[in-house]
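This report concerns only the one structure given below.
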Ligand code: DC
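Numbering (my numbering), first residue to last: 26 to 231.
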């Protein structure tokens with residue numbers, strides 16, 4: 026057994042992946058990478074006028090701290106640049122390096138268990154109905170200055186799901202050996218406990 030332990034957490038937008046991933050990483054003392062942020066940072070540079078392949082090739086750490094990466098405009102652009110194979114390829118090495126660092130790592134995204142880390146030690150697929158995800162995202166937005174209606178947020182969630190699932194390159198889908206966690210009717214604590222339990226079961230096996 027080596028010193029690295031990789032947890033792959035995939036799922037659609039606003040299913041609770043980020044919350045679950047951060048909690049799992051904190052519980053086990055693993056490093057955490059939100060891979061959506063890489064695509065968002067590329068999307069933001071494209072909105073700023075750069076070509077998507079150049080944006081991905083030249084991506085630097087400080088780009089991940091740019092303002093506005095959480096906006097819905099950047100999310101949609103991220104989902105658009107994410108269909109481009111050359112963009113995905115340019116981001117692969119960084120993610121794989123992160124995954125195999127000593128001490129363990131949690132990566133969340135869309136294709137971690139299927140493409141980036143097919144040999145991950147534990148794989149989870151965190152999902153929820155589109156309606157529940159839109160409601161959560163809309164409630165979150167009440168704390169910001171955004172004024173999107175629930176119907177608009179639901180339309181955005183569905184558009185992003187369709188693009189993420191139907192693309193040819195690394196589409197969003199559960200790995201065969203992923204444990205499915207549907208958070209539609211779970212509290213945050215329940216979802217986190219299910220995830221920690223699943224990772225623990227794998228840890229005692231390796
Ligand atoms: O997880 P997120 O909402 O921050 O991701 C933004 C977009 O980036 C998402 O709609 C699709 C893309 N993405 C991807 O294609 N592969 C990943 N591993 C992570 C995100």
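For glycine and all other residues, C-beta sits at the position ideal for the given N, C-alpha and C.
Source: prediction; values computed, not measured.
Going by the beta-carbon positions, is the gap between residue 193 and residue 179 smaller than 7 angstroms? Counted from its first residue, the chain shown places residue 193 at position 168. Counted from its first residue, the chain shown places residue 179 at position 154. Cβ atoms of residue 193 and residue 179: not closer than 7 angstroms.
Kindly indicate which three-state DSSP category residue 55 falls into: helix, strand or coil? Residue 55 sits at position 30 when you count from the first residue of the chain shown. Three-state DSSP puts residue 55 in coil, outside helix and strand.
When you compare the CB positions of residue 197 and residue 150, do they come within less than 7 angstroms of one another, or not? Stepping through the chain shown from its first residue, residue 197 is reached at position 172. Stepping through the chain shown from its first residue, residue 150 is reached at position 125. Going by C-beta atoms, residue 197 is not nearer than 7 angstroms to residue 150.
Suppose you measure from the CA of residue 166 to the CA of residue 55; what does that come to, to the nearest Å? On the chain shown, residue 166 is found 141 positions in, with the first residue counted as 1. On the chain shown, residue 55 is found 30 positions in, with the first residue counted as 1. Cα-Cα distance, rounded: 29 angstroms.
Alpha carbons only, please: which of 40, 42, 38 and 58 is nearest the one belonging to residue 31? The residue you call residue 31 lines up with position 6 of the chain shown. Nearest of 40, 42, 38 and 58 to residue 31, Cα basis: 58.
Would you kindly report the start and end of the unbroken beta strand (DSSP E) that includes residue 131? For this step, residue 131 is matched to residue 106 along the chain shown. Run containing residue 131: 130-134, per the beta strand (DSSP E) assignment.
Please report the distance separating the alpha-carbon of residue 214 from that of residue 91. As a working note, residue 214 is residue 189 in the chain shown. As a working note, residue 91 is residue 66 in the chain shown. Rounded to whole angstroms, residue 214 to residue 91 spans 30 angstroms at the Cα level.
Alpha carbon to alpha carbon, how far is residue 153 from residue 43? Give it in angstroms, no decimals. To locate residue 43, count along the chain shown from 1; it is residue 18. To locate residue 153, count along the chain shown from 1; it is residue 128. Those two C-alpha atoms are separated by around 13 angstroms.
Considering only residues of the same chain and omitting the five flanking positions on each side of residue 50, which have a CB-CB separation below 6 angstroms? Taking the first residue of the chain shown as 1, we reach residue 50 at position 25. Cβ within range, chain order: 57 and 131.
Cβ of residue 136 within 6 angstroms of any heavy atom in the ligand ADP? In the structure on display, the ligand ADP does not appear, and the ligands it does have are the ligand DC.
Assuming contact is defined by CB atoms lying nearer than 7 angstroms, are residue 138 and residue 33 in contact in what I supplied? Counting from 1 along the chain shown, the entry for residue 138 is found at position 113. Counting from 1 along the chain shown, the entry for residue 33 is found at position 8. Cβ atoms of residue 138 and residue 33: closer than 7 angstroms.
Relative to the C-alpha of residue 108, which residue among 187, 224, 208 and 75 is closest? On the chain shown, residue 108 is found 83 positions in, with the first residue counted as 1. The candidate whose alpha carbon is nearest that of residue 108 is 187.
Look at the alpha carbon of residue 147 and the alpha carbon of residue 223, and state the distance between them as a whole number of angstroms. Position 122 of the chain shown, counting from 1, holds the residue named residue 147. Position 198 of the chain shown, counting from 1, holds the residue named residue 223. C-alpha separation (whole angstroms): 8 angstroms.
State yes or no: is the C-beta of residue 120 within less than 7 angstroms of the C-beta of residue 208? Here residue 120 is taken as the residue at index 95 of the chain shown, counted from 1. Here residue 208 is taken as the residue at index 183 of the chain shown, counted from 1. Cβ distance not < 7 angstroms, so residue 120 and residue 208 don't count as in contact.
Considering just the uninterrupted stretch of the beta strand (DSSP E) at residue 35, what are its terminal residues? Mapped onto the chain shown, residue 35 falls at position 10. Start and end: 31-35.
Proximity test, residue 38 beta-carbon vs the ligand DC heavy atom, cut-off 6 angstroms: Numbered from 1 along the chain shown, position 13 holds the residue referred to as residue 38. Indeed, a heavy atom of the ligand DC lies less than 6 angstroms from the Cβ.
Would you list the one or two residues that DSSP bridges to residue 207? Stepping through the chain shown from its first residue, residue 207 is reached at position 182. 152, per the DSSP bridge assignment.
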